[in-house]
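K.L.:
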Amino acid sequence: MPKIFLISSPSGGGEDSVIEGLEKKLPFNRVITTVTRDIRSGEKNGKPYYFVPIENFKKLIDKKSFIEWAKVYGDYRGCEKKEIKRLLKKDLPILWKVDWQGVVAIKKIYPDAIAIYIAPPSYQALENRLIQRGRENLADIKKREKFTKEWMKKKHIYDHIVKNKDNGLNDAIDAIYKIIADRAK
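In terms of our numbering, the sequence shown opens at residue 117 and continues consecutively.
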């Protein structure tokens with residue numbers, strides 16, 4: 117069975133950038149999460165998410181179709197059982213981008229999954245990154261503040277903590293690559 121790696125960081129922590137960097141360094145399968153948020157520019161259904169209306173997501177919850185799901189930043193997101201079953205049939209490491217709630221839920225089902233927290237330098241650094249990105253307005257960032265600060269206190273649930281300093285993305289990618297290369301054997 118392939119090794120499962122959980123990649124986790126609050127919005128602005130660098131998890132998408134790290135995963136993009138890892139794609140250039142090693143082969144892996146990425147879990148495609150089902151979400152209810154709007155599709156952003158450059159996205160399409162199935163890359164990087166499956167986008168569904170909230171009514172459909174709630175039906176999937178009722179059918180117990182998810183391994184894990186949560187309401188994060190006002191939107192629902194989760195991984196359908198059929199998605200992880202599809203990837204477990206393949207022979208490559210599995211990268212699964214999740215929030216801290218997902219880490220807790222997944223570790224109950226897959227206790228050998230390796231959870232990696234991408235640690236931002238500070239909450240202020242996260243906020244600055246989000247502002248610079250220009251996708252969220254300041255009001256949205258402030259709405260997320262409580263959840264984000266709570267997330268940053270959950271480091272104890274992770275197997276590895278990798279710092280993603282400002283201007284240190286390549287160092288974070290290299291550190292996570294080493295973890296995956298060492299542990300995927």
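For glycine and all other residues, C-beta sits at the position ideal for the given N, C-alpha and C.
1. For the alpha helix (DSSP H) containing residue 265, list its first residue and its last residue.
2. Can you round the beta-carbon distance between residue 64 and residue 152 to whole angstroms, since I take them to be within the 8 Å contact cut?
3. Mind checking who residue 152 pairs with in its DSSP beta bridge?
4. Tell me the DSSP secondary structure of residue 251 in three-state form.
5. Report buried or exposed for residue 255, applying the criterion of at least 16 other Cβ atoms within 10 angstroms of its Cβ.
6. Near residue 293, what residues of its chain come up, given a Cβ to Cβ distance below 7 Å and the 5 sequence neighbours on each side ignored?
7. Would you list the one or two residues that DSSP bridges to residue 276?
8. How long is the line joining the alpha carbons of residue 251 and residue 258, rounded to whole angstroms?
9. Using DSSP's beta-bridge definition, name the partner residues of residue 203.
10. To the nearest whole angstrom, what separates the beta carbons of residue 125 and residue 237, a pair I think is in contact under 8 Å?
11. Looking at the secondary structure, which residues open and close the alpha helix (DSSP H) in which residue 300 lies?
12. Could you work out which residue in 201, 248, 276 and 253 is closest to residue 183 when comparing CA atoms only?
13. Comparing C-alpha positions only, which one of 178, 205, 166 and 146 sits nearest to residue 193?
14. By how many angstroms is the C-alpha of residue 164 removed from the C-alpha of residue 157?
15. Is residue 211 helix, strand or coil when you go by DSSP?
16. In three-state terms, what does DSSP make of residue 144?
P.N.:
Let me lay it out:
1. Where residue 265 is concerned, the enclosing alpha helix (DSSP H) stretches over 254-268.
2. This structure leaves residue 64 out entirely; the chain is present only between 117 and 301.
3. Beta-bridge pairing links residue 152 to no other residue.
4. It is coil, neither helix nor strand.
5. exposed
6. 138, 141 and 142
7. DSSP lists 232 as partners of residue 276.
8. About 14 Å.
9. According to DSSP, residue 203 bridges with nothing at all.
10. 12 Å between Cβ atoms; not a contact.
11. Segment: none, residue 300 is in no alpha helix (DSSP H) and carries neither H nor E.
12. 201
13. 166
14. 12 Å
15. strand
16. Three-state DSSP puts residue 144 in coil, outside helix and strand.
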